[in-house]
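**Student:** In my numbering, the protein residues as written are 13 to 297.
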Ligand SMILES: [Zn+2]
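1) Just to check, is the beta-carbon of residue 82 closer than 6 Å to a non-hydrogen atom of ligand 1?
2) Alpha carbons only, please: which of 159, 132, 55, 189 is nearest the one belonging to residue 280?
3) For residue 193, which beta-bridge partners are listed by DSSP?
4) Measure the CB-CB distance between residue 230 and residue 216 and report whether it falls below 7 Å.
5) Using the C-alpha atoms, what's the distance from residue 140 back to residue 48?
6) From the DSSP output, in three-state form, read off residue 120 for me.
7) Is residue 27 closer than 7 Å to residue 38 when the C-beta atoms are compared?
8) Tell me whether residue 85, by its Cβ, gets closer than 6 Å to a heavy atom of ligand 1.
9) Tell me whether the region 195-206 and the region 152-160 touch, counting them as touching only if at least three CB pairs, one residue from each stretch, are closer than 8 Å.
10) DSSP beta-bridge partners for residue 40?
11) Rank 69, 65, 127, 70 by C-alpha distance to the C-alpha of residue 78 and give the top, closest one.
12) Between residue 29 and ligand 1, is there a pair consisting of the residue's CB and a ligand heavy atom that are separated by less than 6 Å?
13) Ligand 1 and residue 32: does the residue's C-beta get closer than 6 Å to at least one heavy atom of that ligand?
14) Assuming residue 214 and residue 200 are in contact, meaning their beta carbons sit under 8 Å apart, how far apart are those beta carbons, in whole angstroms?
15) Going by alpha carbons, who is nearest to residue 181 out of 122, 117, 242?
16) Which residue or residues does DSSP assign as beta-bridge partners of residue 68?
17) Just to confirm the assignment, what range does the alpha helix (DSSP H) spanning residue 90 have?
18) Tell me where the beta strand (DSSP E) around residue 51 begins and ends.
19) Taking buried to mean at least 16 other C-beta atoms within 10 Å of its own C-beta, is residue 223 buried or exposed?
20) Would you identify the three-state DSSP class for residue 294, choosing helix, strand or coil?
21) Quick check: does the Cβ of residue 59 come within less than 6 Å of any heavy atom belonging to ligand 3?
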């Protein structure tokens, strides 16, 4: 690839994997020079990028998770080198299991080369697996939710390019997992199990930061769009919880800098859609 059409670079700083002790460099996206041609924001607050003639399709979301190419320990940069000795011990014990899961999903991944969308999807799946072994001071529940959501988005992006590779199936699995973790996150915040005051970027995507309200919005939206619908009693219960969650965003009423009016409007719309479905289900029971 010529220097001109390069889309990524490797950081000068060497990262030391706390799990296996190997050193490596992190790949990051070069953002200037018209590489990032921003398109629409989806209803799930995911930014789409329009491919350009010079650089082709760009997926900025494939870079944020740090993955050790040797042992596949994966986490966000703010956590990667600061996890506790107990977490390191557990992650070390699960190395072979982690490698096996990665190979089962994607037989030909390679974290020693420039990332493609495949390594991007896998990086989030590995992060979701690894945060299971990381203590609550690193907010693992929220980060597992975020990772599953982003994996679902990337699976969908890939499915649009390669519709015959069943990535729509993996996408739906990841959406269901994201729904599970986001609902757990709402509980974890309420019960004080995880503390979210120290997180500076909630995303959910990497451009706009919708703060904790954005995370609450996703918690409600994931239930509404991707939650299970077969069991009516359970559906009603989860919709009621989602309605309360969304009320926390719209309840304050006024828009502010961290709560732009179109975001509050989206939350209001979601709130009334959830209410409608609750009414429909209750009428038919
Ligand atoms: Zn490692």
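Backbone N, C-alpha and C define an ideal beta-carbon position, used for all residues, glycine too.
**Tutor:** On the basis of the supplied data:
1) At least one heavy atom of ligand 1 is nearer than 6 Å to the Cβ of residue 82, so yes.
2) Closest option to residue 280, Cα to Cα, is 55.
3) Paired residues: none, contrary to the question.
4) Taking C-beta atoms as the reference points, residue 230 and residue 216 count as a pair closer than 7 Å.
5) The straight-line gap separating the alpha-carbon atoms of residue 48 and residue 140 is approximately 27 Å.
6) Coil at residue 120, not helix or strand.
7) Yes, the pair counts as a contact, with Cβ atoms nearer than the cut-off.
8) Checking every heavy atom of ligand 1 against the Cβ of residue 85, one is found closer than 6 Å.
9) Contact holds between the region 195-206 and the region 152-160, because three or more Cβ pairs, one in each stretch, are under 8 Å apart.
10) DSSP output for residue 40 lists 21 as bridge partner(s).
11) When each option's Cα is compared against that of residue 78, the closest is 127.
12) Relative to ligand 1, the nearest heavy atom lies less than 6 Å away from the CB of residue 29.
13) The answer is yes for residue 32.
14) With a Cβ gap of about 14 Å, residue 214 and residue 200 do not count as contacting.
15) Closest option to residue 181, Cα to Cα, is 117.
16) According to DSSP, residue 68 shares a beta bridge with 64.
17) Here the alpha helix (DSSP H) through residue 90 covers 89-92.
18) Residue 51 -> beta strand (DSSP E) spans 50-53.
19) By the C-beta density criterion, residue 223 is buried, having at least 16 other C-beta atoms within 10 angstroms.
20) In the three-state reduction of the DSSP assignment, residue 294 falls in the helix class.
21) Ligand 3 is absent from the structure shown, which contains only ligand 1.
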